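Visitor: Let me begin by handing over the structure; questions about it come next.
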């Protein structure tokens, strides 16, 4: 058993090396380290008992040598020199009986990877040595530590070697064999120094003291062996190896081992401890330590292998199968990608996407921000008077009057100015279009990060090109509509608008202001035109000096007007009042126009750009991309995807082989079952709680049924899947079977209830079921697994319970944050469809089972099965294909126009039910999640009406995570007949959530190490003395007050270990007590979540501890 443990680890090491992948699992191993002159090679050769390692000056070991020693008893059939041999992993099936040739092969393979310049490589050489003279053991010989580069070695050779050694010995499962020459100062040992860096307490380091025989006379290593110099938990072993002269003189290792034994048995300092010295004791010690270490870590290794296997299989699923292997499916893949992209595009804009974030605004919310913040505020901030001065208004007033001075407010001047200002609103309106375009492009960029676009870069580029071109094409009609809206406002100035300030009101307001300021003698409504003080109507157009000159010259003769007449004087009283009136009217009307455009421009953009994209983008993509001549080009995978898929396959192969190796040695669970550790159970409990909360929100109660039923109860209810039922051995005269699902036991339960009111129930049940299926552990397909069922039983109006069940399904998956859509069909529609296509009544269930495979097989494969295996005619199969392959968005409206289906009683009933259900689902906000899919068949025999499946879209290949439907006749199979001889039916509808698949999705998202597996809120820690009773008293107070608390079950625990538990288990608070605190009736409270709280916490009075903790916790 002991050697088998070590052989198991050797097989694991070979499993990863043979497929050429790095080992993702930390395997137990002994790493040999030391300086170049410490005698490492001699120690290893003494352990093996043969000369086989390269010798020389400088760095001899330049690649890690994984040395697997395997004890093989000698056999009589062994020829001379045939009982010991070596094998290299890179030379399979080749045995080296000559150990000199082993040395030559090590040198040859080293130089193959590193060259002859004494450089190093981290790629290991794997060597097995079979011998009756060795104990089964695995060691890794690492390059010796050096200080100064020699010859043409790299200048950073010291750092390279230290980094390589650190990589091996840092692993927690590595045992460090630190070789040190005894005739040097132990404190200066390079090997021990490096070992102490990664193993400061010396818990997994063994010291080997070489050259003990070369120590100065009168000195020994007794103090070191006793742990009085540098203590190591695993201790030290002194050895005596061959010196350089012994090697040159061809002294055999056997003679060297004899001399070593004689040295320790005769030396005065060591003779009483001789049995604990020397190479044979070192071999036994290493074998024992490694064996115990492997036994302790093997269960952990298995867990790590399985976790790594899940991780790489999950990644392989996301990468998908190679399209080179399935060219026929490329069209379906493009179709599915287009459908999923457009669905995600719509839901992102509508805010119904399952990827909603709380971090920032996204999707449609950003478009809303553009409309209501950027555009609305931008328009509101435009001042119609900021670009026109009073003198400009005065000039326009005169110009608009023509030859006759205006008596009242000049309408033409007002319209001229307001039209100019309305034109200013066109720029921000067009800019709003461009910003919405940018947001749509942003959504496109976000969606193009999906995994399938990473797989197919050509498809991604084409998508980007087609969608952007579509958006740009939609810009022109959108811009036309928006600019027309602005132009409309300028074309007709509606001064009769109810919100417009009339001219009379404006005059009154101005008069009121002027009266308060200057109290004029006349008002703007005066019938006599106002002139300036000199009697000139245009006098204010000129400066005083120019006006005087003009008057003087006018007495003698009349000159013509200047070439250019511009206002240069100040406004007269009349002009001032007229200007203010115009400004008021402009401001009033401009505000009306701004409000109109703030309302209408977003509507125009939504109509011609956003909603047009939502409705027509899928058609555009199908037109541009769904072409046979483009498929090969579009579905070319990226080199990175191909490379990563191959890497994942290799790693999965190695991990599966490793899992099988460990599985043959360790206890294991039955196939298709598994254990869940505390962190996994934390996730599962949260999942159960989330689902239960949703069920209870809808008024459901829970029941329980036996884990096994009479076989007759289950038989005949599951169609072709009945073969998956687990039958129990016949005991006591009853044939029983483990329950296949929770629905049939629930129907049996209802049939056994005597009172009618007891048969009307909203029920949920979360329990284990059993299926003799082929398990795929990482996809959540097990033989023993949980189902979460919700059912509504009783006579109610059509489709109301069905709608609520689908609402519950949607709420549950949204709460778990699983992206999904719901495939919907109706069994009567399917049966009617089969009748219309010519399927014989007795064939319906068999053909239905075949159709149900369309989510896994191509239509050609399903068609072949229906024809060759189920006896269906080719023409009938083709007619069925015309229906079940339809994927139009408005498929229901097309079915309603199909006269053959409408004239069929069953199909017509199914269409009517679906129509009514969709109306109710629209009210519940679930309609957009539903896709009518005529290929959905649900192979279980008991379904009679609506059927559905929830398909998650997060991981390719996993498929549905929930399914259900209406089963009105199932209870009647158990409840007997009424007085008229008819079955006592109880209509039922329900849903079943696949917990294991949901759990697989959640596990793929989680960093399992960060999961808090318990609810402990406070950890009680003692500083200094153990204070066990005081800690027990303190934790009792916490328990009695309702606080979840814990402490270490040690009399005198180390403070560091208590802190480590607190951090590892993510306990939020620590209560620390010491003698000083106890004497003052105080404690320290430390918030472990606050990195800044490093001073040992806050001191509080013992009597206030509970209240303070509760205030922090709750």
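Numbering (full-length UniProt numbering), first residue to last: 1 to 1114. Cβ coordinates follow ideal geometry from the N, Cα and C atoms, glycine included. The structure displayed is predicted, hence computed values, not measured ones.
Measure from the alpha carbon of residue 1127 to the alpha carbon of each residue in 495, 1098, 704, 158, then state which is nearest.
Guide: Since the first and last residues shown for the chain are 1 and 1114, residue 1127 lies out of range.
Visitor: Please report how far the alpha carbon of residue 192 lies from the alpha carbon of residue 211, in whole angstroms.
Guide: Counting from 1 along the chain shown, the entry for residue 192 is found at position 192. Counting from 1 along the chain shown, the entry for residue 211 is found at position 211. Roughly 16 Å separates the two Cα atoms.
Visitor: Are there three or more Cβ pairs, one per stretch, closer than 8 Å when the segment 987 to 999 is compared with the segment 962 to 977?
Guide: A contact exists between the segment 987 to 999 and the segment 962 to 977.
Visitor: What's the C-alpha gap between residue 182 and residue 199?
Guide: In the chain shown, the residue the question calls residue 182 occupies position 182. In the chain shown, the residue the question calls residue 199 occupies position 199. Looking at the two C-alpha atoms, the distance is approximately 21 Å.
Visitor: Which residue's Cα is closest to the Cα of residue 720: 811, 490, 813, 849?
Guide: For the purposes of this step, residue 720 is identified with residue 720 of the chain shown, where counting begins at 1. Cα-wise, what sits closest to residue 720 is 849.
Visitor: Between 917, 711, 442, which has its C-alpha nearest residue 804's C-alpha?
Guide: Here residue 804 refers to the residue found at position 804 when the chain shown is read from its first residue. Considering only alpha carbons, the answer is 917.
Visitor: Quick check: what's the CA-CA separation for residue 1058 versus residue 1021?
Guide: The count along the chain shown starts at 1 and reaches residue 1058 at position 1058. The count along the chain shown starts at 1 and reaches residue 1021 at position 1021. One C-alpha to the other measures close to 6 Å.
Visitor: Mapping DSSP to helix, strand and coil, what is residue 161?
Guide: The residue you call residue 161 lines up with position 161 of the chain shown. Correct three-state label for residue 161: helix.
Visitor: What did DSSP end up calling residue 530 once you bin it into helix, strand or coil?
Guide: Reading the chain shown from its first residue, position 530 is the one you call residue 530. Low confidence applies to residue 530: its pLDDT is 46, below 50, so where it sits in the model is not reliable, and the reading given next is rough at best. Reduced to three states, the DSSP call for residue 530 is coil.
Visitor: What does the Cβ neighbour count give for residue 36, buried or exposed, with the cut at 16 atoms within 10 Å?
Guide: Counting from 1 along the chain shown, the entry for residue 36 is found at position 36. The residue in question, residue 36, is buried, as its Cβ has 16 or more Cβ neighbours within 10 Å.
Visitor: Going by beta-carbon coordinates alone, are residue 1074 and residue 1024 separated by less than 8 Å?
Guide: As a first step, residue 1074 is located in the chain shown; it is residue number 1074 there, counting from the start. As a first step, residue 1024 is located in the chain shown; it is residue number 1024 there, counting from the start. In this structure, residue 1024 lies closer than 8 Å to residue 1074 by Cβ.
Visitor: Under a three-way DSSP split, which group does residue 464 fall into?
Guide: On the chain shown, residue 464 is found 464 positions in, with the first residue counted as 1. Correct three-state label for residue 464: helix.
Visitor: When you compare only the Cα positions, how much space is there between residue 186 and residue 1061?
Guide: Position 186 of the chain shown, counting from 1, holds the residue named residue 186. Position 1061 of the chain shown, counting from 1, holds the residue named residue 1061. Rounded to whole angstroms, residue 186 to residue 1061 spans 35 Å at the Cα level.
Visitor: Give the straight-line distance between the Cα atoms of residue 852 and residue 704, rounded to the nearest whole angstrom.
Guide: Position 852 of the chain shown holds residue 852. Position 704 of the chain shown holds residue 704. Whole-angstrom Cα-Cα distance: 31 Å.
Visitor: DSSP on residue 293, reduced to helix/strand/coil?
Guide: Here the question's residue 293 lines up with position 293 in the chain shown. In the structure shown, residue 293 sits in a helix (DSSP, three-state: H, G or I).
Visitor: Tell me whether residue 273 sits in a helix, a strand or coil according to DSSP, three-state version.
Guide: Taking the first residue of the chain shown as position 1, residue 273 is located at position 273. Helix at residue 273.
Visitor: Pull up the distance between the alpha-carbon of residue 622 and that of residue 658, whole angstroms please.
Guide: Stepping through the chain shown from its first residue, residue 622 is reached at position 622. Stepping through the chain shown from its first residue, residue 658 is reached at position 658. Near 46 Å, if we compare the C-alpha coordinates of residue 658 and residue 622.
Visitor: Per DSSP, residue 826 forms a beta bridge with which residues?
Guide: Indexing the chain shown from 1 puts residue 826 at position 826. Answer by DSSP bridge pairing, in chain order: 946.
Visitor: To test your reading of the DSSP string, which unbroken beta strand (DSSP E) runs of 3 or more residues are found completely within the UniProt domain "GED" (579 to 670)?
Guide: For the UniProt domain "GED" (579 to 670), not a single whole beta strand (DSSP E) run of length 3 or above is found.
Visitor: Could you please give me the residues that DSSP links to residue 791 through a beta bridge?
Guide: Residue 791 sits at position 791 when you count from the first residue of the chain shown. 763, 990.
Visitor: Which of helix, strand or coil does DSSP assign to residue 896?
Guide: The residue given as residue 896 occupies position 896 in the chain shown. Helix.
Visitor: For the segment 484 to 493 against the segment 464 to 472, do three or more pairs of beta-carbon atoms, one drawn from each stretch, fall closer than 8 Å, so that the two count as touching?
Guide: Contact between the segment 484 to 493 and the segment 464 to 472 is absent, because fewer than three Cβ pairs lie under 8 Å.
Visitor: To the nearest angstrom, how far is it from the Cα of residue 588 to the Cα of residue 500?
Guide: The residue given as residue 588 occupies position 588 in the chain shown. The residue given as residue 500 occupies position 500 in the chain shown. So the two alpha carbons sit approximately 6 Å from each other.
Visitor: Residue 874: buried (16+ other C-beta within 10 angstroms of its C-beta) or exposed?
Guide: As a first step, residue 874 is located in the chain shown; it is residue number 874 there, counting from the start. Exposed, since its Cβ has fewer than 16 Cβ neighbours within 10 Å.
Visitor: So within the segment 39 to 102, which uninterrupted beta strand (DSSP E) runs reach at least 3 residues, ignoring any that extend past its ends?
Guide: Those beta strand (DSSP E) runs which fall completely within the segment 39 to 102 and span 3+ residues are 65 to 71, 85 to 88.
Visitor: Does the beta-carbon of residue 890 have 16 or more other beta-carbons within 10 angstroms, so that it is buried, or is it exposed?
Guide: Here residue 890 corresponds to residue number 890 of the chain shown, with the count starting at 1. By the neighbour-count rule (16 or more Cβ atoms within 10 Å), residue 890 is not buried but exposed.
Visitor: Are the beta-carbon atoms belonging to residue 163 and residue 61 less than 8 Å from one another?
Guide: If you number the chain shown from 1, residue 163 lands on position 163. If you number the chain shown from 1, residue 61 lands on position 61. No, they are not a contact pair.
Visitor: Pairs of beta-carbons, one from the segment 968 to 988 and one from the segment 940 to 950, closer than 8 Å: are there three or more?
Guide: These segments touch.
Visitor: Helix, strand or coil: how does DSSP classify residue 343 here?
Guide: As a position in the chain shown, residue 343 is number 343, starting the count at 1. Three-state DSSP puts residue 343 in a helix.
Visitor: Based on the DSSP secondary-structure assignment, which residues constitute the bridge partners of residue 960?
Guide: By one-based count along the chain shown, residue 960 stands at place 960. Looking at the DSSP assignment, residue 960 forms a beta bridge with 951.
Visitor: Three Cβ pairs or more, each shorter than 8 Å: is that satisfied between the segment 728 to 746 and the segment 762 to 777?
Guide: Because the criterion of three Cβ pairs below 8 Å is met, the segment 728 to 746 and the segment 762 to 777 touch.
Visitor: Measure the alpha-carbon distance for residue 871 versus residue 725 and round it to whole angstroms.
Guide: Locating residue 871 in the chain shown gives position 871, where the first residue counts as 1. Locating residue 725 in the chain shown gives position 725, where the first residue counts as 1. Taking the straight line joining both Cα atoms gives about 27 Å.
Visitor: Counting Cβ pairs, one atom from each stretch, are 3 or more of them under 8 Å apart for the segment 613 to 620 and the segment 451 to 458?
Guide: With a cut-off of 8 Å, the segment 451 to 458 and the segment 613 to 620 do not count as touching, because too few Cβ pairs lie within range.
Visitor: Run through DSSP, which three-state label would residue 1087 get?
Guide: Within the chain shown, numbered from 1, the residue matching residue 1087 stands at position 1087. If DSSP states are grouped into helix, strand and coil, residue 1087 belongs with the strands.
Visitor: Measuring straight from C-alpha to C-alpha, what distance separates residue 87 and residue 79?
Guide: Here residue 87 refers to the residue found at position 87 when the chain shown is read from its first residue. Here residue 79 refers to the residue found at position 79 when the chain shown is read from its first residue. When rounded, the distance between both Cα atoms is 18 Å.
Visitor: Do residue 678 and residue 307 come within 8 Å of each other at the CB atom, strictly closer than that value?
Guide: In the chain shown, residue 307 corresponds to position 307, counting from 1. In the chain shown, residue 678 corresponds to position 678, counting from 1. No.
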